[in-house]
Amino acid sequence: MSCELNRCRIGFRVLLLWLQGGAAILPAWSSARIGVPLLMILLGLGMMARGAGASVEALFREGTGAYRAGDYSRAARAFSQAARRQPAAGTLQNLGNAEWQGGQTGRAIVAWEQALWLDPFNRAARNNLRFARKAAQVEAPELSWDEVVSTWLPIDWWAWMTSASLWLAVGMVLLPGILRRRKAAWHQAVAALGIMVFLLSVPAHFGVHTRGRIGFVVQKDALLRLTPTQEAQGIARLGAGEPARWVRARGPYLLIRTGRALGWIERGQFGLVCPYANELSR
Amino acid sequence: MALLMSQPKTEIASNVVAVAGFDPPVVRPGEGAVYRVSFNALEESVVWPEKLNAPAELDIRAGGRGQIMPFNGTNFVPLTMFNYHVRAPRLGRFIVPEFTVRVYGKPVTVPAAQLSVAASLPASVASAQGLVFEVPETNLYAGQAVKARVLMGPSSGGQLRTLMQVQINGEGVLVDQGAARQRVGPVRRGASSVVAYIYETVLTPLQTGKVTVFAQGFSAGNRYFGPAVAGVGTGPVPTNLPQFTLLDSEPVELQVRPLPRQGELPGFTGAIGSFSLEPPRLAADPVRVGDAVKLSVTVRGEGNVGRLAAPPPPRVRDWQVFAPTPEPLPPASPMAVMAPQPAVAQASATFVYTLIPLTTAARATPAIPFSYFDPGRAVYVDLTIPEVPVTVQPGAGGADLRALQQPDRGSGESEREPGLSGLAPTPGRAAATLTPVQRRPWFALAQLAPAAVFAGLWGWDRRRRFLEQHPEVVLRRRARRALRRQWRALGRAARAGDARGFADAAVAAMQAGCAPHYPAEPRALVGADVLPMLGGLAGGAAEVARRFFALTDAARFGPGGADARELLALQPDLEKVLQHLEGRL
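If you read the sequences in order, they're chains R and B.
With this note's numbering applied, the first sequence covers 1 to 282.
With this note's numbering applied, the second sequence covers 1001 to 1585.
Structure, rendered in structure tokens:
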């Protein structure tokens, strides 16, 4: 939903720019019979786009004000709504702070991890995670080497890098022949560079994929169950903020693998860093 | 083995006797009494009923139950007692009837016992003796230690007896047996002061919510309570032992709250109370790089000192710090025991950290974060162990030390103690969604675009190279196009009745259809060139072609022109000729 909203907003902004830049063209258009209604529709859409952007900023400001006033639950609500509409590293960092101040250790850790997911250069979120894990005595998730590599850059960068390097290499191999140019050394060098970057970024790409299954227990003393049923035998009690990996889903339960055991947990008690896995499983 | 065999035996009586009675046997309406049943058997052997068959009018509540093993000179004799607190609402006699329980697997009859409720008590009857259980604070936090005491006053005869095997019963409460103290001292009761037996210990509630606790213990004396009745057919109750009586207290309800999460400080290890630090002491100064030095830290205060967990050692670049070991608490002095006791235990704990300097750059020991929760103010208080200045001199430094001195990844970060950051001033780097771009469907579609472009370019190049090697393909394709173009033109001319245009288009179409076979410029071909191409057709087709060429040549080169109208009638035959020529292309 938030994704669609954002796409719409980007589209509306493009339209706005077009409207502003194409002021000279529009009068001619508007003289036509359909020109005026179309102009009105476009202007309305533009105003909606500006309104949506303004509401995210207003929520961010509201959250900041509530946090400074000590109303952490209201701050968490505002930051959460802002992050749902447009996930942003700063918003998620502030959401984590508000959740932490409200005693929601697990939710705070999820928010900070999401901030790092979007922006691995966010030192404040990284520092907060270290602080929270030390205070709550919980471990950070154990990452494989490809997952560690994937944390070096924002998640989307790896996909673009993989794609661009692949097509660059393909282009450098094919285009000289097609264009009937002599293959120069620099063609081969660029192709080799592209292939190298592609091969190096593939593991990170895979790391992003597997890291998307990492989540954290958001409720204190959450029961890890042997089976996905209400009456299931408990395997262990998980502390808030304890990391685990999502394996699969069944009804209202998720099968997760923690450092201690494999078991089922209620969906509401587990927060994924990247919620797409949870959405896909529904 | 000999030592084991020399120990006195526990006497397991073959003849178990149950004794039941009320203490006191006579009470006024509304006054309490204790219904007590005792067995000369082990507690585990008695299968006690869940519910007592007592008169419905009696307000009855289960009290303590316990076992004691007095020594009769040769053996230990087990004695088990069950207490019930009873209150009668009106005058009269109330009888708990005889009932049977199983002891050592055999039925034992508990005799009936009678409680008389009278308006006035006989002078010989004293009120029941009980324990007083005092907890100075009942509104506590989970994990907060609180001192509790059990008091036993003198008996009605003024004799002060001892109290044995004192227990504090209640779920979710930890009783620190190591902190137990017993003494005899004055206790204020209203305006007067009485001498009482005092048992003090420290309670720690572990679970939150309402927690009910009470105390019990055996008083040792020679008092004989009530008209005890032995079971029919049993032997006499032994009277050569001191009389032990199980006493218990009224229950006390504790309200236990969880510790607040808000405001928790680094280094909190569960310390609750009020604490202070003595200045940390370093065992040696100066020290050499690689040599271990001990840092003693003493925490004093009121609270759960006995269960104090030391703050974890910090990770710093210049020092290697090992987890501390708590030093044993010093034994309490007699003065301390006799001194007036505060509401919570006062004590101290000393933690000894072992530190190894890794470089001569270290100027002081690292600060160690520590904090405690003050239940009085309901806030966390910082009690960070401060740095201690020290001089570090160069040492021999072995391989182990050099390995420790290697800067590990993130050591720069671990130097700084993490803390909660402030708020981000702006939303910062944003994305449309948290879902990575490679998981979005449009990304896969976007990859198809360059793939399609490259595939198209590659295919176009292949086709281009093929046509370069096979020019006849191009010629035939061009001829086919020209033939069709002229075919359409002659059709239009025929429909318009333009005989001359029809004839020109027909000749041009035949020339275009034959040109690739020679090859030659189509306009250079004459009828004689076309006729060999019509070999497969009937003789009429060649005649049709000849007539078209003859007429157009006559029209082009003849003096007076020619009438081409008759050729319009030959359109069906011409169509066959053109179809034949197109088929050969």
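Where is the CB? At the ideal position from N, CA and C, for every residue including glycine.
DSSP bridge partner residues for residue i (one or two, in chain order)
i	result
V1195(B)	P1186(B)
N1083(B)	R1036(B)
G1248(B)	In the sequence on display, residue 1248(B) carries Asp and not Gly. Answer is Q1216(B), bridged to D1248(B).
R257(R)	R245(R) and L262(R)
Q1393(B)	R1288(B)
A1520(B)	Per DSSP, none; premise fails for A1520(B).
S1116(B)	V1026(B) and R1093(B)
E1253(B)	T1212(B)
7 Å Cβ cut-off: residues of chain B touching residue i
i	result
A159(R)	P1436, V1437, Q1438 and F1443
G212(R)	P1436
G103(R)	R1261 and Q1262
Nearest-angstrom Cα separation, counted from residue j out to residue i
i	j	result
E1415(B)	R126(R)	Unreliable positioning characterises E1415(B) in this predicted model, as indicated by a pLDDT of 47, which lies under 50. The coordinate reading is nonetheless provided below. Approximately 15 Å between the Cα atoms of the pair.
D1461(B)	M172(R)	15 Å
V1530(B)	F1466(B)	29 Å
L166(R)	M196(R)	9 Å
L1448(B)	N94(R)	39 Å
V1184(B)	L1151(B)	9 Å
R133(R)	V1202(B)	32 Å
E1134(B)	Q101(R)	37 Å
M1338(B)	P1186(B)	No answer about M1338(B) holds up, because its pLDDT of 37 lies below 50 and its placement is not dependable.
E1137(B)	K1147(B)	9 Å
R1476(B)	T162(R)	46 Å
G96(R)	L1423(B)	10 Å
A1455(B)	A58(R)	48 Å
A261(R)	I235(R)	8 Å
R1315(B)	R123(R)	19 Å
V247(R)	A136(R)	25 Å
F1244(B)	S1155(B)	13 Å
V1305(B)	G1376(B)	16 Å
P141(R)	V148(R)	11 Å
L1578(B)	G1459(B)	33 Å
E113(R)	W158(R)	18 Å
E1200(B)	A1062(B)	24 Å
V1352(B)	K1294(B)	6 Å
W251(R)	T1384(B)	Note that residue 251(R) is Gly in the sequence shown here, rather than Trp. The alpha-carbon atoms of G251(R) and T1384(B) are separated by roughly 48 Å.
G212(R)	P203(R)	14 Å
Exposed unless 16 or more other CB atoms sit within 10 angstroms - verdict on residue i
i	result
N128(R)	buried
R1161(B)	buried
N1072(B)	exposed
A1336(B)	Because the pLDDT at A1336(B) is just 37, under 50, the model does not fix this residue reliably, and the point stays unresolved.
R1485(B)	exposed
F1322(B)	exposed
Q86(R)	buried
Cβ of residue i within 9 Å of any chain B Cβ
i	result
D221(R)	no
L118(R)	yes
P154(R)	yes
P275(R)	yes
T162(R)	yes
F131(R)	yes
L262(R)	no
R68(R)	yes
Below-9 Å beta-carbon distance, residue i vs any chain R residue
i	result
A1431(B)	yes
T1080(B)	no
F1214(B)	no
R1090(B)	no
F1370(B)	no
F1268(B)	yes
K1009(B)	no
P1260(B)	yes
W1460(B)	yes
G1419(B)	yes
8 Å Cβ cut-off: residues of chain B touching residue i
i	result
V208(R)	P1436 and Q1438
H205(R)	Q1438
Partners in chain R for residue i, counting only beta-carbon separations shorter than 9 Å
i	result
L1551(B)	Chain R residues near L1551(B): none, gap ~50 Å exceeds 9 Å.
Q1447(B)	S163, L166 and W167
Under 7 Å by beta carbon: chain R residues contacting residue i
i	result
T1426(B)	G90
Within chain R, the residues that residue i reaches when beta carbons sit closer than 8 Å
i	result
E1264(B)	A135
Chain-ordered neighbours of residue i on chain B, where CB pairs are closer than 9 Å
i	result
A78(R)	Those do not exist, as A78(R) stays about 12 Å from chain B at its closest Cβ, beyond 9 Å.
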